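There are 2 protein chains.
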Amino acid sequence: MTRILIADDHHVVRTGLRAVLEAQPGLEVVGEVGNGEEAVEAAVRLKPDLVILDYAMPVHNGVEATREIRKQLPRTEVLIFTLHDSQEVIEDVLSVGARGYLLKSDANDHLIAAVRALARHEAYISGRVSAELLDTLLDRRRQGKQDPLTPRERRVVQLIAEGRSNRDVCGQLGVSLKTVETHRAAAMRKLGLHNTADLVRYAIKNRIVEV
Amino acid sequence: MTRILIADDHHVVRTGLRAVLEAQPGLEVVGEVGNGEEAVEAAVRLKPDLVILDYAMPVHNGVEATREIRKQLPRTEVLIFTLHDSQEVIEDVLSVGARGYLLKSDANDHLIAAVRALARHEAYISGRVSAELLDTLLDRRRQGKQDPLTPRERRVVQLIAEGRSNRDVCGQLGVSLKTVETHRAAAMRKLGLHNTADLVRYAIKNRIVEV
DNA sequence: CGAATTTTCAGGGTTTCGCCCGATGGTCAG
DNA sequence: CTGACCATCGGGCGAAACCCTGAAAATTCG
Numbered sequence: 001m002t003r004i005l006i007a008d009d010h011h012v013v014r015t016g017l018r019a020v021l022e023a024q025p026g027l028e029v030v031g032e033v034g035n036g037e038e039a040v041e042a043a044v045r046l047k048p049d050l051v052i053l054d055y056a057m058p059v060h061n062g063v064e065a066t067r068e069i070r071k072q073l074p075r076t077e078v079l080i081f082t083l084h085d086s087q088e089v090i091e092d093v094l095s096v097g098a099r100g101y102l103l104k105s106d107a108n109d110h111l112i113a114a115v116r117a118l119a120r121h122e123a124y125i126s127g128r129v130s131a132e133l134l135d136t137l138l139d140r141r142r143q144g145k146q147d148p149l150t151p152r153e154r155r156v157v158q159l160i161a162e163g164r165s166n167r168d169v170c171g172q173l174g175v176s177l178k179t180v181e182t183h184r185a186a187a188m189r190k191l192g193l194h195n196t197a198d199l200v201r202y203a204i205k206n207r208i209v210e211v
Numbered sequence: 001m002t003r004i005l006i007a008d009d010h011h012v013v014r015t016g017l018r019a020v021l022e023a024q025p026g027l028e029v030v031g032e033v034g035n036g037e038e039a040v041e042a043a044v045r046l047k048p049d050l051v052i053l054d055y056a057m058p059v060h061n062g063v064e065a066t067r068e069i070r071k072q073l074p075r076t077e078v079l080i081f082t083l084h085d086s087q088e089v090i091e092d093v094l095s096v097g098a099r100g101y102l103l104k105s106d107a108n109d110h111l112i113a114a115v116r117a118l119a120r121h122e123a124y125i126s127g128r129v130s131a132e133l134l135d136t137l138l139d140r141r142r143q144g145k146q147d148p149l150t151p152r153e154r155r156v157v158q159l160i161a162e163g164r165s166n167r168d169v170c171g172q173l174g175v176s177l178k179t180v181e182t183h184r185a186a187a188m189r190k191l192g193l194h195n196t197a198d199l200v201r202y203a204i205k206n207r208i209v210e211v
C-alpha cells in the first residue's frame, strides 16, 4: 500500500487528485493540506511514502517544502505538480530532492504512472525534459553556470516581486530586516539591477513569479 | 435538476469539480470538455442550464466561449472559474454575458453557492469585487470602457515600469519632479496599488511595457 | 577536516518613494 | 457659463529603498 499526502492550495485540485488516486488499488491518500508549511508538518506526522506538492503554494512554496521534507524524511518521495513547463523549475526542484515532476496538463494520462514510479523510487519527469536528460541536467547544475542567485536570494526576490516590502519579507522568512536587505542588494548587484522595477521584470522574465 | 457542463483544460480539476457537484442533490454533470471550442460545441448540443468555464483555456479562452454560448443559448448561465483575482478579468467576462465569477481558491467554500445562485439566474461573484459594485462596474464599462489611466499617467507608469526613477521620468518628459509624483500617485490610487512592484506587474499585465 | 560558499546580522549614510495637504490653468461638455 | 476632468506644480514628512563597509555563524563540498 502506497500512502500519499496531497498538498495544493486549491481544494478542487485536491479533490480531483484524491478521486483519481483512490480509484487505484494499492494507493491511499492519508492527508490533504493547502500550503507548504502544512505539508512539511503533515509529512513529518504522517510519514507518507509519497508527497504530491503543488509548485506554487502560499506560505512555503514547493521548493522549500521539498527541501525540508527530503531532509527530515529521506525515504519519502516528492512529486512536484505544476502548471508551467519550465526547465528552470525542473532543475530547481530536482536539485532539492524531488524525483518526480508532473505537469497539471499531463495529470490525466500520467498521474498514476508517476505515482507508481515514485513508489518504486524511480524518477518520473513529464514535460519537455525526458528522464534520459536528467543526469546531464544535474551535472550541468553541479558544475556551475546556472542562474546566479542563491536559493535564499531567489526567495527574497520572489517575495519582493510579489509586492512585499523588505519589512514584510523579513517577517515572512523569520529573519532580520538587515538580512533581507543584504540578500536583496546581493541579488541586484549580481544581476546589475538598480531598482525595484528592474528586479520585478527580472523575476517575471525568469519565472520566479507569475505576472 | 440543474444540468451542468464543465470546461477546464486540466483533467484533475474536472474530476474535482465533478466529485463536488455530484455529491449535491439536484445537480447533474452532463459533460466535460477540455477547451473553449469544445465547450461551445458541447453546450449547443447538450443545452445545459449552466456551463462552468475555466478562464484560461487553449483554442478558445473563457471570454470567447462565453460570448458564443450566451449568444446561442441565452438561457444557459456561465460561471467563470479562474486562478487569478483581477478586476479587469471580472469586467471582461461580465461584459460578454457571464453572470458568475469564482476563484479557484474559493471553490471549496463557494462553488455550490455559486452554482445554486446561477441556477436561479442570479449573479455570483467571489474575490475582491462584491456583487454590490457590479452595476457600477458594468455602467462604467458601458459608458467609457477604457482603462482607468489618463494618457499622461499611463506614460509615467510605462517609464517607471521600464526601470526609471521619478527623477529620470521628469527629465524625460520635461516636467517637474512633483508632476511625475502626482501622476504616479494618481495611477496607484486609481488602481489600488501601493508600491513599485505592484505597479510594474500591472504594467506588464496590461501590456503597457514588455517584460 | 578544511576551504568555500551561504546565510545571518549590524552601523551609518543618501536617496527615493508614498502620501497627505494645497494650488493654478487649460479643455471640453452640458 | 459652470462644473468636470486633466495636467501642471509645490511643501512637508515618515517610511522605504538603496549603497557602503564589515563580520560571525552555518552549510556545503572536496
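In the order they appear, the protein sequences are chains A and B. For the first sequence, position 51 (counting from the first letter as 1) is numbered 51 according to our numbering, and the numbering increases by one without interruption. For the second sequence, position 96 (counting from the first letter as 1) is numbered 96 according to our numbering, and the numbering increases by one without interruption. Even for Gly, the Cβ is constructed at its ideal location relative to N, Cα and C. On a predicted model such as this, the values are computed, not experimentally measured, just so you know.
- Judged by DSSP secondary structure, R3 of chain B falls within the beta strand (DSSP E) whose first and last residues are 2-7.
- In the three-state reduction of the DSSP assignment, E153 of chain A falls in the helix class.
- Only those residues of the segment 9-20 of chain B whose C-beta falls short of 9 Å from the nearest C-beta of chain A are listed: D9, H10, H11, V12, V13, R14, T15, G16, L17, R18, A19, V20.
- Chain-ordered listing is empty here: chain A has no CB closer than 7 Å to the CB of G36 of chain B, the nearest sitting near 15 Å.
- Under the Cβ distance rule, D198 of chain B counts among the residues neighbouring chain A, one pair being separated by less than 8 Å.
- With a contact defined as Cβ atoms closer than 8 Å, T179 of chain A and T196 of chain B miss out at about 21 Å.
- Around A161 of chain B, the beta-carbon contacts reaching into chain A at under 9 Å are A197, V200, R201.
- Judged by DSSP in its simplified three-state form, D49 of chain B adopts coil rather than helix or strand.
- Partner residues in the beta bridge of V78 of chain A, as assigned by DSSP, are A:V51.
- At a C-beta separation below 9 Å, S126 of chain B has no neighbours in chain A, since its nearest C-beta there lies roughly 13 Å away.
- A direct Cα-Cα distance of roughly 10 Å separates A98 of chain B from V51 of chain B.
- In the three-state reduction of the DSSP assignment, L27 of chain A falls in the strand class.
- Using a Cβ distance threshold of 8 Å, A114 of chain A and L102 of chain A count as a contacting pair.
- For G97 of chain B, there is no enclosing alpha helix (DSSP H), as DSSP marks it with neither H nor E.
- With 16 or more neighbouring CB atoms inside 10 Å of its own CB, S126 of chain A falls in the buried class.
- Considering only beta carbons, the part of the segment 162-187 of chain B lying closer than 9 Å to chain A consists of E162, G163, R164, S165, in chain order.
- At a C-beta separation below 7 Å, I204 of chain A has these neighbours in chain B: I204, V211.
- In this structure, the CA atom of T76 of chain A is about 11 Å from the CA atom of T2 of chain A.
- Between T66 of chain A and V44 of chain A, the gap from beta carbon to beta carbon reaches 8 Å or more.
- In the structure shown, E181 of chain A adopts helical secondary structure according to DSSP, grouped into three states.
- Chain B has no Cβ within less than 8 Å of the Cβ of N61 of chain A.
- A straight line joining the alpha-carbon of V33 of chain B with that of H60 of chain B spans about 12 Å.
- Any Cβ of chain B closer than 8 Å to the Cβ of K104 of chain A would place that residue at the interface, and such an atom is present.
- Under DSSP, I125 of chain A forms a beta bridge with A:Y101.
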